[in-house]
Every structure is written in structure tokens, then in C-alpha cells.
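Novice:
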Amino acid sequence: MADTFERVKKIVVDRLDVEESKVTMEASFKEDLEADSLDVVELVMELEDEFDTEISDEEAEKIATVGDAVNYINSTL
Amino acid sequence: MLKGKVALVTGGSRGIGKAIALELAKQGANVAVNYAGSEQKAQEVVDEIKQYASDAIKIQANVANEADVKAMIKTVVEQFGSLDILVNNAGITKDNLLMRMKEEEFDQVIQTNLKGVFLCTKGVSRQMMKQKSGKIINIASIVGVTGNPGQANYVAAKAGVIGLTKTTAKELATRNILVNAVAPGFIETDMTDLLTEEQRNSMLQMIPLERLGKAEDVAKVVRFLASEDGNYVTGQTIHVDGGMVM
Ligand SMILES: NC(=O)c1ccc[n+]([C@@H]2O[C@H](COP(=O)([O-])OP(=O)(O)OC[C@H]3O[C@@H](n4cnc5c(N)ncnc54)[C@H](OP(=O)(O)O)[C@@H]3O)[C@@H](O)[C@H]2O)c1
Numbered sequence: 001m002a003d004t005f006e007r008v009k010k011i012v013v014d015r016l017d018v019e020e021s022k023v024t025m026e027a028s029f030k031e032d033l034e035a036d037s038l039d040v041v042e043l044v045m046e047l048e049d050e051f052d053t054e055i056s057d058e059e060a061e062k063i064a065t066v067g068d069a070v071n072y073i074n075s076t077l
Numbered sequence: 001m002l003k004g005k006v007a008l009v010t011g012g013s014r015g016i017g018k019a020i021a022l023e024l025a026k027q028g029a030n031v032a033v034n035y036a037g038s039e040q041k042a043q044e045v046v047d048e049i050k051q052y053a054s055d056a057i058k059i060q061a062n063v064a065n066e067a068d069v070k071a072m073i074k075t076v077v078e079q080f081g082s083l084d085i086l087v088n089n090a091g092i093t094k095d096n097l098l099m100r101m102k103e104e105e106f107d108q109v110i111q112t113n114l115k116g117v118f119l120c121t122k123g124v125s126r127q128m129m130k131q132k133s134g135k136i137i138n139i140a141s142i143v144g145v146t147g148n149p150g151q152a153n154y155v156a157a158k159a160g161v162i163g164l165t166k167t168t169a170k171e172l173a174t175r176n177i178l179v180n181a182v183a184p185g186f187i188e189t190d191m192t193d194l195l196t197e198e199q200r201n202s203m204l205q206m207i208p209l210e211r212l213g214k215a216e217d218v219a220k221v222v223r224f225l226a227s228e229d230g231n232y233v234t235g236q237t238i239h240v241d242g243g244m245v246m
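Set out below in C-alpha cells:
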């Protein structure tokens, strides 16, 4: 669980160029981390690679916060 | 010019698509030649490309079928390691007057000529986003700009392709993926061999350059857009029609 969060956090920090402290479970990609829609699509792609899983378009659309991503990934592991 | 680049040309077995596949290969690109049914013809294009010191494979896929398209793109990336240039060229005609046109005739042309472009574009966008670069070139038609009696289905699809080109160009610009359309006029291929002598002559009178186009005329403009020379051009529709539509 914690491990998933750390891995997601690293990708978010790299991709969105934000400070680590801003990447909390509650942080919204678009509102708090200044991502646009395409950034979120790219993030989801990177998460798929990192966790070797496939996230359907429907599931991806529901991912709004860092926590959504972490929880979804944990549910598939 | 395109050394090390990887191109996928849909409908590369015949006509304009074949000329595009050969032109990109001559410039050094490795080319995946897609076809629907003409396996033999696709193989001939592959064999010809291999004479230019470029690599090539043929891939059967119906561009209107999402599963086929996904498998095709996966094959290209597995085989060549990247996908830099997509040319959406596959197309069909089923001409009829609007009042006689059957629902299937309309649907089939929209599926292949418009939905096919959407599916292939969506399919490659993931790979191109990862690479942070890419060129998508859609073969439209000048009738998509002017309209043409007897081609309601085809014109609707081609006008749709032009709109899709502009939207995709805007959506993907920040990721350095450039999307343009090339609109051929009257080009000599199997598609236009179906026309009567009379239709041909009346077309000729509308072409300021007074000749029909060759598939190579289209291929060279595609090559420009695919190369670095076209790096500040996106969202455009370039007419290759001897001046027919200005
Ligand atoms: N010729 C012209 O004057 C003209 C003018 C304006 C625009 N265009 C456009 O230029 C493009 C090429 O035209 P063309 O004259 O070269 O046509 P063509 O000689 O009839 O060749 C069509 C190509 O598309 C492929 N194809 C057809 N349906 C397909 C499908 N569902 N999935 C995958 N491939 C499919 C064919 O494969 P198979 O060989 O396996 O059947 C063939 O390689 C088309 O988009 C056309 O609308 C042509």
C-alpha cells in the first residue's frame, strides 16, 4: 500500500514537475497539481507501464486524485 | 531524410498508398504496409522496399475494426521498436446518387474512410505521446472541400477527415505530434480507372495544370510533411490537385 503510493508519487513528481510535499493521497491532479487532461492521460499510461497493468478508458476517467490512482492500482494487484 | 524512422501506411498495397510507402522507404524509413485483402500486392510492395536498403513488413488489418487496428500497431512497434509516421490512406468508394444510396453504402464508406482514420490515430497516439514526437498524415480529398454529386457518403467521410485532422492537431500539438491532411484531386489509380472516358475529359477541363495527377505527386507532399522540413506545419489540408480547387 505505502509502496504503491511511493511509486505513484515518484512518477507524478517526475511527470508534472511538482514538489514532493504536494503529492498527497487527497491531491487532485487537475486542481492541486496543475495537470491538464492530456497530462492525466500520460500519467495513466506511465502508471500502466510501472505496474504492468492495463487501465481501461472507463477506469481512467474516474481517476481524479492521487489516491484514486493508488487505490485503483492496489485493487488490481 | 527519414533514416531510422518507422512509418505505417494504411492501404499501402495499391495506388496512392503504394506510392507513399515506396517514397518514404526511399528516404530511409522502415515501412509497415497495411492491406485489406490484396496480400500478393502488399508483398510486392514489401519486396520493392527491401531493394532500397529499408526494411518492410506487410500487415493485414481492416482499419474499420478496432481489434485489427490495435493488433496492427502492436506488431509495428514490436517489429521496429517505434512508430514515427502514420499515413491514413486506406479508402473505398461506393458512389450513388443520394436518393438511391443505400444505408449500407453510406455506412461502409464512413466506417472505412472516417472511422478507420479515428481508430488508427487513436491507436498510434499512445506510442507517439511516449516518444514525444510523431507525424500523422491523413489522405482526404478535394471533394471533401467542394462536395461532389454521387458521393454523399465519400464526401461526408472526407470532410469528416479534415475536421478530425484539425482537432487531433490541436489536441496533440503540445506533445509534438503534428497532424495534417493531404487532399488529392484527380489521381490516376484503380479508383479512378472506374470512370468513363467522358467523365475523364470533363475532369481534365477543370484542372489548370491540364493533366491528371500521379500517385507520386501525392507521395512527395506526404514525404515533405513526414520529414523535418514540415516541422512547423500542423492542422492543414494541402491540396495536391493541379490547381482544381483554390
Ligand atoms: N485516386 C484518386 O483520384 C483519389 C483522389 C482523392 C483522394 N483519394 C484517396 O486516396 C486514398 C487512396 O486511394 P487510391 O486511389 O490509391 O485507392 P485504391 O487504389 O483503390 O487503393 C485503396 C487501398 O486501400 C486499401 N483498403 C481499402 N479498404 C481497406 C480497409 N478496410 N482496411 C485496410 N485497407 C483498406 C486497399 O487494400 P487492398 O489492396 O487489400 O484492397 C488498397 O491498398 C483513399 O483514401 C482515397 O479516398 C484518391
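Chains as they are written, first to last, in the UniProt record's numbering: chain L, 1 to 77; chain Y, 1 to 246. Note that the Cβ used here is the ideal one computed from N, Cα and C, for glycine as well. Here the structure is a predicted model, which means the values were calculated and not measured.
Within the segment 105 to 138 of chain Y, note down every full alpha helix (DSSP H) run reaching 4 residues or more, in order along the chain.
Specialist: Whole alpha helix (DSSP H) segments, 4+ residues: 116 to 131.
Novice: Using a Cβ distance threshold of 8 angstroms, determine whether the segment 202 to 221 of chain Y contacts the segment 115 to 132 of chain Y, with at least three qualifying pairs required.
Specialist: At 8 angstroms Cβ cutoff, the stretches do not touch.
Novice: Of all the CB atoms in chain L, is at least one closer than 8 angstroms to the CB of K130 of chain Y?
Specialist: Taking Cβ atoms only, chain L reaches closer than 8 angstroms to K130 of chain Y, which makes this a yes.
Novice: Indicate whether at least one CB of chain Y lies closer than 8 angstroms to the CB of L33 of chain L.
Specialist: So, not an interface residue.
Novice: Contact criterion: CB-CB distance below 8 angstroms. Does T146 of chain Y meet it with respect to chain L?
Specialist: No, its Cβ sits nowhere closer than 8 angstroms to a Cβ of chain L.
Novice: For K9 of chain L, is the classification buried or exposed, using 16 other Cβ atoms within 10 angstroms of its Cβ as the cut-off for buried?
Specialist: Buried, because 16 or more other Cβ atoms sit within 10 Å of the Cβ of K9 of chain L.
Novice: I want to know whether the segment 59 to 75 of chain L touches the segment 64 to 80 of chain Y - three or more CB-CB distances under 8 angstroms.
Specialist: Contact fails: fewer than three Cβ-Cβ distances are below 8 angstroms.
Novice: Taking only the alpha-carbon atoms, compute the straight-line gap between A42 of chain Y and N62 of chain Y and give it to the nearest angstrom.
Specialist: One C-alpha to the other measures close to 14 angstroms.
Novice: Give the interface partners of T167 of chain Y over in chain L, defined as CB-CB distance under 7 angstroms, in chain order.
Specialist: Ordered by position in chain L, no residue passes the 7 angstroms Cβ test against T167 of chain Y, which lies about 13 angstroms from the chain.
Novice: Taking just the CA atoms, how far does T196 of chain Y sit from K130 of chain Y?
Specialist: Roughly 48 angstroms separates the two Cα atoms.
Novice: Taking Cβ-Cβ distances shorter than 9 angstroms, what residues in chain Y pair up with L38 of chain L?
Specialist: Residues of chain Y passing the Cβ test: M129, E171, L172, T174, R175.
Novice: Report yes if the C-beta of N113 of chain Y is less than 7 angstroms from at least one heavy atom of ligand 1; otherwise report no.
Specialist: The answer is yes for N113 of chain Y.
Novice: What does DSSP give as the partner residue(s) for K58 of chain Y in the beta ladder?
Specialist: K58 of chain Y is bridged to Y:V33.
Novice: Assess contact between the segment 91 to 104 of chain Y and the segment 48 to 66 of chain L, defined as three or more Cβ pairs (one per stretch) separated by less than 8 angstroms. Is contact present?
Specialist: No, the segment 91 to 104 of chain Y is not in contact with the segment 48 to 66 of chain L.
Novice: Helix, strand or coil for G213 of chain Y per DSSP?
Specialist: If DSSP states are grouped into helix, strand and coil, G213 of chain Y belongs with the strands.
Novice: Give the DSSP-derived three-state secondary structure of A7 of chain Y in the structure shown.
Specialist: If DSSP states are grouped into helix, strand and coil, A7 of chain Y belongs with the strands.
Novice: Pick helix, strand or coil for Q151 of chain Y, following the three-state DSSP scheme.
Specialist: Q151 of chain Y: strand per DSSP, three-state reduction.
Novice: Run through the DSSP bridge pairs and tell me what N88 of chain Y is partnered with.
Specialist: Answer by DSSP bridge pairing, in chain order: Y:N138.
Novice: Over the uninterrupted alpha helix (DSSP H) stretch that includes A60 of chain L, give me the two end residues.
Specialist: Where A60 of chain L is concerned, the enclosing alpha helix (DSSP H) stretches over 57 to 62.
Novice: Does the Cβ-Cβ distance between G147 of chain Y and I73 of chain Y come in under 8 angstroms?
Specialist: No.
Novice: Determine whether the beta carbon atoms of V44 of chain L and A27 of chain L lie at a separation below 8 angstroms.
Specialist: No.
Novice: With distances taken Cα to Cα, identify the nearest neighbour of I136 of chain Y among Y:K158, Y:L164, Y:G160.
Specialist: Ranking Y:K158, Y:L164, Y:G160 by Cα distance to I136 of chain Y puts Y:L164 first.
Novice: Could you name the residues of chain Y that M45 of chain L contacts, counting a contact when the two beta carbons are closer than 8 angstroms?
Specialist: Correct list: R126, M129, K130.
Novice: Taking D95 of chain Y as the reference, give the member of Y:R126, Y:A25, Y:F106, Y:V87 with the closest Cα.
Specialist: Selected option, being the one with the closest Cα: Y:F106.
Novice: Please decide whether E19 of chain L counts as near chain Y, where near means a Cβ-Cβ distance under 8 angstroms.
Specialist: No, E19 of chain L lies away from the interface with chain Y (no Cβ there is under 8 angstroms from its Cβ).
Novice: Below 8 angstroms on the Cβ atoms is my guess for V6 of chain Y versus A29 of chain Y; work out the distance and round it to an integer in Å.
Specialist: That pair is a contact at about 7 angstroms.
Novice: Would E216 of chain Y and A19 of chain Y qualify as a contact pair, given that the criterion is a beta-carbon distance under 8 angstroms?
Specialist: Contact flag set, yes.
Novice: Closer than 8 angstroms, CB to CB, is E6 of chain L near chain Y or not?
Specialist: No, E6 of chain L lies away from the interface with chain Y (no Cβ there is under 8 angstroms from its Cβ).
Novice: For the alpha helix (DSSP H) containing V240 of chain Y, list its first residue and its last residue.
Specialist: Note, V240 of chain Y: premise wrong, no alpha helix (DSSP H); beta strand (DSSP E) at 237 to 240.
Novice: Got a sec? Which residues, its chain only, sit under 6 angstroms from N176 of chain Y by beta carbon, not counting five neighbours each side?
Specialist: Counting only Cβ-Cβ distances below 6 angstroms, and skipping sequence neighbours, we find K132, S133.
Novice: Quick one: does the C-beta of F80 of chain Y sit closer than 7 angstroms to a heavy atom of ligand 1?
Specialist: Checking the Cβ of F80 of chain Y against ligand 1 gives no.
Novice: By the criterion of Cβ-Cβ separation under 7 angstroms, what are the contact partners of E58 of chain L in chain Y?
Specialist: Chain Y residues near E58 of chain L: none, gap ~15 angstroms exceeds 7 angstroms.
Novice: Which whole-angstrom value describes the C-beta separation of N138 of chain Y and A181 of chain Y, a residue pair presumed to lie in contact below a C-beta threshold of 8 angstroms?
Specialist: Confirmed, about 4 angstroms.
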